[in-house]
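As structure tokens, the structure follows; a few thoughts come after it.
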Amino acid sequence: MNTVRCMLFGCGPSLSYWRYAAEYAAYVLNWMPTRANSGHKSPLELLTKKPVSVVDVVVFVSPCKVYQNPLNASLRKRGAPGIIVGKKTN
-3 MNTVRCMLFG CGPSLSYWRY AAEYAAYVLN WMPTRANSGH KSPLELLTKK PVSVVDVVVF
57 VSPCKVYQNP LNASLRKRGA PGIIVGKKTN
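So for the sequence shown, the numbering used here puts the first residue at -3; every next one is plus one.
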């Protein structure tokens, strides 16, 4: 819960984002190497037996552009401002 608290108070979103912060904290912690595991491997690396990359990990509530598909509007804006609140899950 300390990670969630840091995400909420360090990045500035309202407390209504706590669910997304908790999910993203679990995602990040599963991807990060830890001293508790042999070879300082991440939990995901131990599970999949494949090395993981943290390239896709971004700061919680980072600004981004959200794609909008305008119909028959070639000169209209195709993106709207948004924030990243987590990763897409399958």
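Yeah, the Cβ is synthetic: ideal placement off N, Cα and C, and Gly gets one too.
Between the beta-carbon of residue i and the beta-carbon of residue j, is there less than 8 Å?
{"i": "Leu40", "j": "Val48", "result": "yes"}
{"i": "Met28", "j": "Ala17", "result": "no"}
{"i": "Gly78", "j": "Tyr20", "result": "no"}
{"i": "Val53", "j": "Ile80", "result": "no"}
{"i": "Gly75", "j": "Lys61", "result": "yes"}
{"i": "Leu25", "j": "Thr44", "result": "no"}
Per DSSP, residue i is paired with what?
{"i": "Gly78", "result": "Cys60"}
Got a sec, what are the start and stop residues for the alpha helix (DSSP H) residue i sits in?
{"i": "Asn26", "result": "14 to 27"}
{"i": "Leu4", "result": "-2 to 7"}
Uninterrupted alpha helix (DSSP H) stretches inside the segment 30 to 58 (no shorter than 4 residues): Within the segment 30 to 58, the complete alpha helix (DSSP H) runs of at least 4 residues are 39 to 44.
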